[in-house]
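In case it helps, the working numbering puts the sequence shown at residues 985 to 1150. Even glycine gets a Cβ: it sits at the ideal position worked out from N, Cα and C. Working notes, beginning with the structure itself.
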Amino acid sequence: MPLLEKHEKHKVSIILNGRKIEGMARPNMLLSDFLRAELGATGTHVGCEHGVCGACTIRVDGKAVRSCLYLAVQAQGRRVDTIEGLAEKDGSLGVLQTAFHKNFALQCGFCTPGFLMTLDNYLEDNSDPTEADLREALSGNMCRCTGYAEIIKAALSAAAEFRKRK
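Dropping the structure here:
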């Protein structure tokens, strides 16, 4: 297989929040940039661009990843879930979004998509977390506005709601 030209764009097809969609990406284009600039999924935020802050966290094939460390071409044919996909079918706020809203777990909102996507991934397998569990699970996400008390409270609230729905 010939090496990909650095500036040549290639078609990338993904399942974005349950909908098949495609766009064009250079081999070195980050998934975060592809989502935002090429597909218009601007809910994914880019903070540090080094995978440290967690703002760009999304799910690829059900696993939380830092989209600023993931190439768009690597997502070819994969299921990609972003903050836009957390809403209910009717467009209303999803469980995690509602919990953050009710518990005042956001201020500027820049870090919120990453926190929500990290929690979406974590709570899928850990339906009854302790505060310590959540602090560990969220240790890779940074917030400079709220502190973390309200975020943990919202996560505990969302976990309780998910348990009720099972």
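Mapping the DSSP letters down to three states, classify residue i as helix, strand or coil.
| i | result |
| --- | --- |
| Val996 | strand |
| Arg1010 | coil |
| Lys1004 | strand |
| Ser1016 | helix |
| Leu1023 | coil |
| Glu1145 | helix |
| Arg1119 | helix |
Tell me which same chain residues have a C-beta within less than 8 Å of the C-beta of residue i, skipping the five on either side of it?
| i | result |
| --- | --- |
| Ser1141 | Ala1083, Lys1086 and Asn1087 |
| Asp1017 | Val1030 and Ala1056 |
Measuring alpha carbon to alpha carbon, tell me which of the options ends up nearest residue i.
| i | options | result |
| --- | --- | --- |
| Phe1098 | Thr1028, Glu1022, His994 and Glu1006 | Per the sequence shown, the amino acid found at residue 1098 is Gly instead of Phe. Checked all of Thr1028, Glu1022, His994 and Glu1006; the closest Cα to Gly1098 is Thr1028. |
| Lys1137 | Leu1103, Arg1050 and Arg1062 | Leu1103 |
| Glu1072 | Gly1038, Lys993, Gly1002 and Thr1041 | Gly1002 |
| Thr1130 | Asp1074, Thr1041, Thr1096 and Lys993 | Thr1096 |
Kindly list the residues whose CB is nearer than 7 Å to the CB of residue i, restricted to its own chain and excluding five residues on each side of it in sequence; keep chain order.
| i | result |
| --- | --- |
| Arg1020 | Thr1026 and Thr1028 |
| Ala1143 | Leu1107, Ser1111, Asp1112 and Pro1113 |
| Gly1007 | Val996, Phe1018, Glu1022 and Leu1023 |
For residue i, which residues in the same chain have their Cβ closer than 6 Å to its Cβ, ignoring the five residues on either side in sequence?
| i | result |
| --- | --- |
| Glu1033 | Cys1052 |
Validate contact between the region 1006-1013 and the region 1071-1088 using beta carbons, cut 8 Å, 3 pairs: no
The region 1051-1064 contacting the region 1088-1096, beta-carbon criterion three pairs below 8 Å: no
Unbroken stretches of the alpha helix (DSSP H), 4 residues or longer, contained in the region 1035-1107: Counting only runs of 4 or more, we get 1079-1086.
Three-pair Cβ contact test at 8 Å for the region 1058-1078 versus the region 1113-1129: no
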